[in-house]
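Report on the following structure.
4 protein chains.
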Amino acid sequence: MARRAAEKLRRNQPHQARSRATVEVILDATVRIFEGEGADAATTSRIAEVAGVSVGTLYQYFGNRDAILDALQDREFERAASLMQRTLANPDGASDRAIARAVVEGLFRLYRAAPALHRVLAVDGLRVTPAERVQAFDARIVGAIKTFLAHAKPRIRRSDLDAAAFVVYQSVRAAMLAYLIEQPPGVSEAALVDELTDLVVRYLSE
Amino acid sequence: MARRAAEKLRRNQPHQARSRATVEVILDATVRIFEGEGADAATTSRIAEVAGVSVGTLYQYFGNRDAILDALQDREFERAASLMQRTLANPDGASDRAIARAVVEGLFRLYRAAPALHRVLAVDGLRVTPAERVQAFDARIVGAIKTFLAHAKPRIRRSDLDAAAFVVYQSVRAAMLAYLIEQPPGVSEAALVDELTDLVVRYLSE
Amino acid sequence: MARRAAEKLRRNQPHQARSRATVEVILDATVRIFEGEGADAATTSRIAEVAGVSVGTLYQYFGNRDAILDALQDREFERAASLMQRTLANPDGASDRAIARAVVEGLFRLYRAAPALHRVLAVDGLRVTPAERVQAFDARIVGAIKTFLAHAKPRIRRSDLDAAAFVVYQSVRAAMLAYLIEQPPGVSEAALVDELTDLVVRYLSE
Amino acid sequence: MARRAAEKLRRNQPHQARSRATVEVILDATVRIFEGEGADAATTSRIAEVAGVSVGTLYQYFGNRDAILDALQDREFERAASLMQRTLANPDGASDRAIARAVVEGLFRLYRAAPALHRVLAVDGLRVTPAERVQAFDARIVGAIKTFLAHAKPRIRRSDLDAAAFVVYQSVRAAMLAYLIEQPPGVSEAALVDELTDLVVRYLSE
DNA sequence: AATGAATGAGAATTCATTCAT
DNA sequence: AATGAATGAATTCTCATTCAT
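Residue numbers (my numbering), protein chains in the order written: chain E, 1 to 206; chain P, 1 to 206; chain D, 1 to 206; chain H, 1 to 206.
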């Protein structure tokens, strides 16, 4: 494992660019299969086929099938985390509600772009023994929220910031995912965003 | 042909006590495997083994592997739904907060008894095409909440009851599940219940 | 001891009748399944179900699944053989052609009543190692034909009676079976009977 | 979904020499098992084992077990059809009897090379619902015979050519098969060929 | 590096047969 | 005798992974 990682780093520049491209092609193919054919269809052969490479090549870049999901998780986590951090940074004095709405809308856009993928990632996160990666990511998000809450003006009234951040993050995420997949009749996208924004604001504000 | 296929999914519906017991033994074995060995370990042979019956017997009661999950889902759904309905019935004039806390605590007990099972069921609910059963259950729960909200004294201030009920249910469920599986450091059970109760009450009351 | 045996014999009569009836019920159920659902559907459970008895009872009368087929074969063989012998006996001086036609028509009626059954029996007869029963039956039929040919007036011109009888029997049987199952367009039942009669007569007469 | 199912049955059609060779190895192994161990012994694992490949490889070339039989059928059909067409072409003015004998002898050689295989194929042809392939083949053979009969000099006296061709083909085929498998005592190969030739000639000529 | 044929462990499912009641 | 629940060996098929070219 360590050897593989070290060897990888030694590779040269042009190769790295091409490698990077192949990796992306494979990840994109996987996402496309998730969305179009369902998670069960994402076999290594099918991924390779859709990506336009051979299985052998696929294994050149990913030690095993799970590594593809891991990479996908990393990529999506990165997007979510950077979105959160950017939004929560609160550039100019936006109102609490405006910030909350921005976060909710941003996450919603992210999830809606690939609901099946996020479903799989959520499921993965629900493993009996969650990968450290998942816990690390959650901790990072929760940390960002916590920091935000901590630095917020006296408006935040929560005392247990850990619990509050955890509750807010999981609640919003799950409601969105369930909405995108179940498509419950009688609830519009706009209504969902409104309600979630309100949920967060009321929960956090004093 | 179609007749046979349909018949297959039904199988002997057990009316004898013996049969009922065997069904329970199989369901319990499945839950035990989920909790102890993870969902992937729940193969038909392993379930039969743990249940102390033969594969043949297993298939005498369940037309195929998925039928076991379906039965488990039915069982758990029934428990959750009856809990909700019982609690929301609001026997004597309990306060909103008291009712909310009762629901949260009840669900929490239910999930804590078999987190991995509920994870699987949630995952099942996150299928790209959720079974009608799942949607029916969600609709039932959301309906119960909606009815409660509709009949609540003027204290409820939500206008979009559909969206509100959906948001409340999914949020609470997901946060609990994530908590039970990730076991985030720094958040106690009591704190979680407190926070979720508060989340619900603040979201709904005015 | 003697008393018990005597008692047994006294009870036997009605029991034997009942046993005989059960056996028939099982055989008939099997034929019905062959014709209506196909040979693959004829599992022991399905046979018992259609016969209205339990599997246990089925095994009371037939040592194993193949024994059912054997009995069916015996029954059908008996019908075919008695038909042949009756017809070939040539009561009054019927013409060769009339006799041939009678045999062809008799067999055709027999096969048409249960084509799928006769297909299975034929297939069984085509086993790499045919059961002695099959060879015995074929020998019996061929023997009957041979005897008939031998005693025919000078009209029969075949020298190798064994080969001739074998050829006649197999040819007629197979053509009929293929006809009943393939239902070739452009060939009517009447035409088939005519042609087969002519085939036989021309082959045998001088 | 349907797309995937369709794709399954096709699989990699082998164009490389290597692939072609593997396909042949598998088909030959199947025939060998039929002849030596009986049709029931031809499980996918046993075929793979005798072929000296893994089950996985077998499924790389044949979408399912039946596809192997189909391929075998195609191969044998091709041989039989080309034999018939070649022989019936009647190059120079061979006599009717000579042509008939050539056909009978040719078919006999074909069947004798793998009687159990041809038994299975005949059985397959006797399916309650024969595959279109079987009907197509039979139609092709019967068509070739019919064409031959139609173009024969005034010697052919049959009026219903469809029925005649059908009767001739099925009769000869079945008698041969029964002979090869039952090995009836008292009938030599030479006698069988003689008798069948005579059967055909007498039936058709006038 | 890339390829894709080959591998084989493992999963779901069926069904003839047994045996306690 | 009759019942039918229970058995488990056997079968088909899948798919992650390897490795010779």
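Note that CB positions come from ideal geometry on N, CA and C, so glycine has one too.
Bounding residues of the alpha helix (DSSP H) (the contiguous stretch that carries residue i)
{"i": "Q60(D)", "result": "V55 to Y61"}
{"i": "G106(D)", "result": "D96 to A113"}
{"i": "V50(D)", "result": "T44 to A51"}
{"i": "Q135(E)", "result": "E132 to H151"}
{"i": "V200(D)", "result": "E189 to L204"}
{"i": "D66(E)", "result": "R65 to L88"}
{"i": "A165(D)", "result": "L161 to E182"}
{"i": "G36(P)", "result": "A17 to E37"}
Cβ neighbour criterion (16 or more within 10 Å) applied to residue i
{"i": "A175(D)", "result": "buried"}
{"i": "D138(H)", "result": "buried"}
{"i": "V55(H)", "result": "exposed"}
{"i": "S82(D)", "result": "exposed"}
{"i": "S171(E)", "result": "buried"}
{"i": "K8(E)", "result": "Only weak support is given to the placement of K8(E): the predicted model assigns it a pLDDT of 42, under 50, and the value that follows is read from those uncertain coordinates. K8(E) comes out exposed."}
{"i": "Q73(E)", "result": "buried"}
{"i": "E195(P)", "result": "buried"}
{"i": "R101(D)", "result": "buried"}
{"i": "R18(E)", "result": "exposed"}
{"i": "A136(P)", "result": "exposed"}
{"i": "R4(D)", "result": "Only weak support exists for where R4(D) lies, its pLDDT of 46 falling under 50; the coordinates are left without a value."}
{"i": "A122(D)", "result": "buried"}
{"i": "E78(P)", "result": "exposed"}
{"i": "R173(E)", "result": "buried"}
{"i": "E233(P)", "result": "Summary: the structure shown does not reach residue 233(P), with chain P confined to residues 1 through 206, and so no result is reported for it."}
{"i": "E24(E)", "result": "exposed"}
{"i": "A89(E)", "result": "exposed"}
{"i": "A209(D)", "result": "As shown, chain D starts at 1 and ends at 206. That puts residue 209(D) outside it, with no answer to give."}
{"i": "Q13(P)", "result": "Low per-residue confidence applies at Q13(P): pLDDT is 44, beneath 50, and the placement is therefore not dependable, though the value from the model is reported in the following sentence. Exposed, because fewer than 16 other Cβ atoms sit within 10 Å of the Cβ of Q13(P)."}
{"i": "A113(D)", "result": "exposed"}
{"i": "V201(D)", "result": "buried"}
C-beta atoms of residue i and residue j nearer than 9 Å
{"i": "A164(D)", "j": "Y111(D)", "result": "no"}
{"i": "T87(P)", "j": "I99(P)", "result": "yes"}
{"i": "V50(P)", "j": "I33(P)", "result": "yes"}
{"i": "V167(P)", "j": "L199(E)", "result": "yes"}
{"i": "L161(H)", "j": "A178(H)", "result": "no"}
{"i": "T197(P)", "j": "R97(P)", "result": "yes"}
{"i": "A39(D)", "j": "A116(D)", "result": "yes"}
{"i": "E105(H)", "j": "V193(H)", "result": "yes"}
{"i": "L58(E)", "j": "H118(E)", "result": "no"}
{"i": "A80(H)", "j": "I141(H)", "result": "yes"}
Contact list for residue i against chain D, beta-carbon separation under 7 Å
{"i": "V187(H)", "result": "D162, A163 and F166"}
{"i": "A191(H)", "result": "D160 and A163"}
Residues that residue i contacts on chain P, provided the C-beta gap is smaller than 7 Å
{"i": "Q170(E)", "result": "A174, A175 and A178"}
Neighbouring residues, chain H, relative to residue i (Cβ below 7 Å)
{"i": "R202(D)", "result": "R202 and Y203"}
{"i": "L72(D)", "result": "Chain H residues near L72(D): none, gap ~16 Å exceeds 7 Å."}
Neighbour list for residue i in chain E, Cβ cutoff strictly below 8 Å
{"i": "L88(P)", "result": "Residues of chain E passing the Cβ test: none, with the nearest at roughly 19 Å."}
{"i": "E76(P)", "result": "The premise fails here: E76(P) is roughly 16 Å from chain E at the closest Cβ pair, so nothing lies under 8 Å."}
Chain-ordered chain H contacts of residue i [CB-CB under 9 Å]
{"i": "E105(D)", "result": "Correct list: empty, because the minimum Cβ distance to chain H is about 15 Å."}
Closer than 8 Å at the beta carbon, the chain D residues around residue i
{"i": "L199(H)", "result": "V167, S171, L199 and Y203"}
{"i": "S69(H)", "result": "It is Leu, not Ser, that sits at residue 69(H) in the sequence shown. Within chain D, no residue comes near L69(H); the closest Cβ sits about 14 Å away, beyond 8 Å."}
Neighbour list for residue i in chain P, Cβ cutoff strictly below 9 Å
{"i": "L149(E)", "result": "Those do not exist, as L149(E) stays about 13 Å from chain P at its closest Cβ, beyond 9 Å."}
Chain H residues whose Cβ lies nearer than 8 Å to that of residue i
{"i": "E24(D)", "result": "Within 8 Å Cβ-Cβ: nothing; E24(D) doesn't reach chain H, min ~24 Å."}
{"i": "A196(D)", "result": "It is Leu, not Ala, that sits at residue 196(D) in the sequence shown. Correct list: V167."}
Is it true that the segment 184–195 of chain D meets the segment 174–189 of chain H, where meeting means three or more beta-carbon pairs spaced less than 8 Å apart?
no
Can you confirm whether the segment 136–155 of chain E touches the segment 99–115 of chain P when touching is taken to mean that 3 or more C-beta pairs between the two stretches lie within less than 8 Å?
no
Given 8 Å, three or more beta-carbon pairs between the segment 21–32 of chain E and the segment 40–60 of chain E:
yes
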